[in-house]
Every structure is written in C-alpha cells, then in structure tokens.
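Undergrad:
In the numbering used here, the protein residues as written are 253 to 388.
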C-alpha cells in the first residue's frame, strides 16, 4: 500500500471531531439553488476554509441570479498532474424545509440534514484529504 496511507488515516482519525463540526456548520448553512444569498453564505464558508489551508480562491460569476462558482487552486508550483475536486453547496431543499434552525443532526450513528451527503460531506472530506496530504 502507499507509504503515506497510515499517516493519512492517522491524521483523519485525529481530526474526526473537527471534521464533523465543519460538516455540521456547512449543512446548517441551508440554501436552495434559487436562494442566492444563502448559497453565497455557504460558498463563502467553504472559501474561508480552503483559503485557510493555502488555496488561492476566486469566485467566477456566471448568472446574476445565482451564486458564483468558487474556484480554488493549491500547489500550482508542484510537479505532476493536477487533481480536481468538485462539488456544490446548494440543495434541493428550500431553507427551513426541515422545520427547525440548524437541521444537521446525528441520530443512531447516521447524519441527517440538507445536503449532508450530496455533497456537503464530500466537500469537507476533500478539505481534509488536502489537510492530511499537506500535513505529511
């Protein structure tokens, strides 16, 4: 197996609670794709997290009525082929659809909330993959 595998796993295990908190924060930033300001809040949160890890980010505006697309780059000076992570922070649920503020919850070991798996969990996971690799 890859010589870094154990180091990556150890890093992820050591930061599990932190990852869940960031996941919770992002899921609780609700935003249906038609709710531009809400989607921008979620996008801006992701941008701050990625910039804190060293990404150079900018927003690419596409449509006036929709939140712009966040583009982040890290390690442009590094050799080798680039790796692309992609995702979205909007959801099919309108804000408030879950009937309470801060709808993220873990019940019986399963997470629930708008975008919890599609794809807010994946965004946090990609952030921590980068954090782990930067750590080693």
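Ideal Cβ positions, reconstructed from N, Cα and C, are used throughout, including at glycine.
Run through the segment 282-342 for me and flag every whole beta strand (DSSP E) of 3 or more residues, listed as ranges in chain order.
TA: Whole beta strand (DSSP E) segments, 3+ residues: 308-312 and 321-325.
Undergrad: Among residues of its own chain, excluding the 5 on either side of residue 302, which ones have a beta-carbon nearer than 7 angstroms to its beta-carbon?
TA: Looking up residue 302 in the chain shown gives position 50. Cβ neighbours of residue 302 beyond the five flanking positions: 309, 324 and 379.
Undergrad: List the whole-angstrom C-beta distance separating residue 281 from residue 293, where the pair is believed to meet the contact cut-off of C-beta under 8 angstroms.
TA: The count along the chain shown starts at 1 and reaches residue 281 at position 29. The count along the chain shown starts at 1 and reaches residue 293 at position 41. Yes, they are in contact, since the Cβ atoms of residue 281 and residue 293 sit about 5 angstroms apart, within 8 angstroms.
Undergrad: Give me, in chain order, the residues of the same chain whose beta-carbon lies closer than 6 angstroms to that of residue 307; leave out the 5 immediate sequence neighbours on both sides.
TA: Here residue 307 is taken as the residue at index 55 of the chain shown, counted from 1. Within the same chain, residue 307 has close Cβ partners 324 and 326.
Undergrad: Assign residue 358 to one of two classes, buried (16 or more other C-beta atoms within 10 Å of its C-beta) or exposed (fewer than that).
TA: Position 106 of the chain shown, counted from the start, is the residue given in the question as residue 358. Residue 358 is exposed by the Cβ-count criterion.
Undergrad: Going by DSSP in three states, residue 383 sits in which element: helix, strand or coil?
TA: Position 131 of the chain shown, counting from 1, holds the residue named residue 383. Residue state, collapsed to three classes: helix.
Undergrad: Buried or exposed: residue 386, going by 16 or more other Cβ atoms within 10 Å of its Cβ?
TA: The residue given as residue 386 occupies position 134 in the chain shown. Counting Cβ neighbours within 10 Å, residue 386 comes out exposed, since fewer than 16 surround it.
Undergrad: Rounded to the nearest angstrom, what separates residue 276 and residue 260 at their Cα positions?
TA: Position 24 of the chain shown, counted from the first residue, corresponds to residue 276. Position 8 of the chain shown, counted from the first residue, corresponds to residue 260. About 22 angstroms.
Undergrad: Alpha carbon to alpha carbon, how far is residue 361 from residue 274?
TA: Residue mapping note: residue 361 aligns to position 109 of the chain shown, counting from 1. Residue mapping note: residue 274 aligns to position 22 of the chain shown, counting from 1. Rounded to whole angstroms, residue 361 to residue 274 spans 17 angstroms at the Cα level.
Undergrad: If you compare alpha carbons, which of 342, 298, 383 and 328 is closest to residue 318?
TA: For this step, residue 318 is matched to residue 66 along the chain shown. Taking only the C-alpha atoms, the option nearest residue 318 is 342.
Undergrad: Could you tell me which of 298, 254, 369 and 296 sits nearest to residue 344, measuring between CA atoms?
TA: The sequence position of residue 344 within the chain shown is 92, counting from 1. Closest option to residue 344, Cα to Cα, is 369.
Undergrad: Residue range of the alpha helix (DSSP H) that residue 256 falls in?
TA: By 1-based counting over the chain shown, the position of residue 256 is 4. Per DSSP, residue 256 belongs to no alpha helix (DSSP H) and is neither H nor E.
Undergrad: Could you check what DSSP says for residue 359 in three-state terms: helix, strand or coil?
TA: Indexing the chain shown from 1 puts residue 359 at position 107. Looking at residue 359 - three-state DSSP - the assignment turns out to be strand.
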